[in-house]
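Chemist: The opening position of the sequence shown corresponds to residue 1 in full-length UniProt numbering, with each subsequent residue numbered one higher.
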Amino acid sequence: MKQHNSDNVSFNGGASENASANHHDFHTSPLDSRGNFVAHHNTLPDDAVLTFEGRNNRVVIDGSVPLTGLKAHFLGDNGQLVIGSSDQGLNIEVVVAENANVVIGENVATDGALTINTVPEARVAIGSGCYFRTEASIDADAAASLDASSANVVTIEDRVLVTGSATQFRAGAHVGAGSVLEMTPIIDEAIPEASLVRGLPATVVRKASWSREHLPRG
């Protein structure tokens, strides 16, 4: 742990002298006297960088996750990042604003980098079994959305496949379970479940189904 000043604390992954197991078999690494902590099952990589500017923020990594280059920056108080267990590779960079909540389900995988940006009170949820085959970004800021009425919420339900081109999810995006986003640069609206979506604006082409076992390589 490296403390820059009284308002900003950074933590690099690796073993902590203060780590201890609780009833969830988590190793909890308290970072400071302001209630910021990390709980994990021996899964925090040595290159993880977590930065806390406020109080009572938490990171929970459940189970074994092959994380690569995890970076999380907490801008205020009471932010939360939860990552479910997985045997898939996951490369994420997250900015968690005050009272924002980011939840990544089990067995989520990324081939490229996944970046997530939030604003205060924002909610980002990525369901289990999602696969990002390209670089993707999530911006849960309604001010940047084309729909001024959008809440600061992005929801990607279970088993969504993102492939073909980099994709940006904006506030108001809600992608139904089992959908395939193919060559879709921007998603900022509701997508029905099990839909094949292409183009700009995002257009539902037909019903879709997919499995990792039958995806082409590359």
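Note that CB positions come from ideal geometry on N, CA and C, so glycine has one too.
Exposed or buried, which one is residue 70 when buried takes at least 16 other CB atoms within 10 Å?
Modeler: Residue 70 comes out buried.
Chemist: With a 10 Å radius around its C-beta and 16 neighbouring C-beta atoms as the bar for buried, classify residue 40 as buried or exposed.
Modeler: Residue 40 should be labelled buried.
Chemist: List the whole-angstrom C-beta distance separating residue 112 from residue 98, where the pair is believed to meet the contact cut-off of C-beta under 8 Å.
Modeler: Actually they are not in contact, since the Cβ atoms of residue 112 and residue 98 sit about 28 Å apart, beyond 8 Å.
Chemist: Going by C-alpha distance, which of 63, 154, 136 is nearest residue 173?
Modeler: When each option's Cα is compared against that of residue 173, the closest is 154.
Chemist: Using only the alpha-carbon positions, how far apart do residue 126 and residue 33 sit?
Modeler: Distance between the alpha carbons of residue 126 and residue 33 is about 31 Å.
Chemist: At the level of alpha carbons, what is the spacing between residue 6 and residue 51?
Modeler: Legend: pLDDT at residue 6 = 36, less than 50; position of this residue unreliable, no value from coordinates given.
Chemist: Compute the Euclidean distance between the alpha carbons of residue 128 and residue 106, then round it to the nearest angstrom.
Modeler: Roughly 5 Å between the two C-alpha positions.
Chemist: Which class does residue 143 belong to by DSSP, given the choice of helix, strand or coil?
Modeler: Helix.
Chemist: Figure out for me which residue from 94, 66, 56, 67 has the closest Cα to the Cα of residue 78.
Modeler: Checked all of 94, 66, 56, 67; the closest Cα to residue 78 is 56.
Chemist: Tell me which residues share the same chain as residue 198 and place their Cβ nearer than 7 Å to its Cβ, disregarding the 5 neighbours each side in the sequence.
Modeler: Taken in chain order, the residues that qualify are 182, 183, 184, 205.
Chemist: For residue 177, which of 170, 209, 187, 188 has the nearest alpha-carbon?
Modeler: Answer by Cα proximity: 209.
Chemist: Starting from residue 117, trace the beta strand (DSSP E) both ways and give me its first and last residue.
Modeler: Looking at the DSSP string, the run of the beta strand (DSSP E) that includes residue 117 is 114-118.
Chemist: Kindly identify the DSSP beta-bridge partner or partners of residue 137.
Modeler: In DSSP, residue 137 forms a bridge with 115, 168.
Chemist: Out of curiosity, what's the CA-to-CA distance linking residue 164 and residue 191?
Modeler: Using only the alpha carbons, I get a separation of about 18 Å.
Chemist: For residue 72 and residue 196, I'd like the C-alpha separation in whole angstroms.
Modeler: Cα to Cα, residue 72 sits roughly 32 Å from residue 196.
Chemist: How about residue 100 and residue 121: are their beta carbons less than 8 Å apart?
Modeler: Their beta carbons are under 8 Å apart, which means residue 100 touches residue 121 by this criterion.
Chemist: Tell me the rounded alpha-carbon separation between residue 115 and residue 212.
Modeler: Looking at the two C-alpha atoms, the distance is approximately 22 Å.
Chemist: Kindly indicate the opening and closing residues of the beta strand (DSSP E) around residue 101.
Modeler: Residue 101 -> beta strand (DSSP E) spans 101-104.
Chemist: Could you check the C-alpha separation between residue 161 and residue 214 for me, to the nearest Å?
Modeler: So the two alpha carbons sit approximately 12 Å from each other.
Chemist: What three-state label does DSSP hand residue 34 in the structure shown?
Modeler: The answer is coil: DSSP assigns residue 34 none of H, G, I, E or B.
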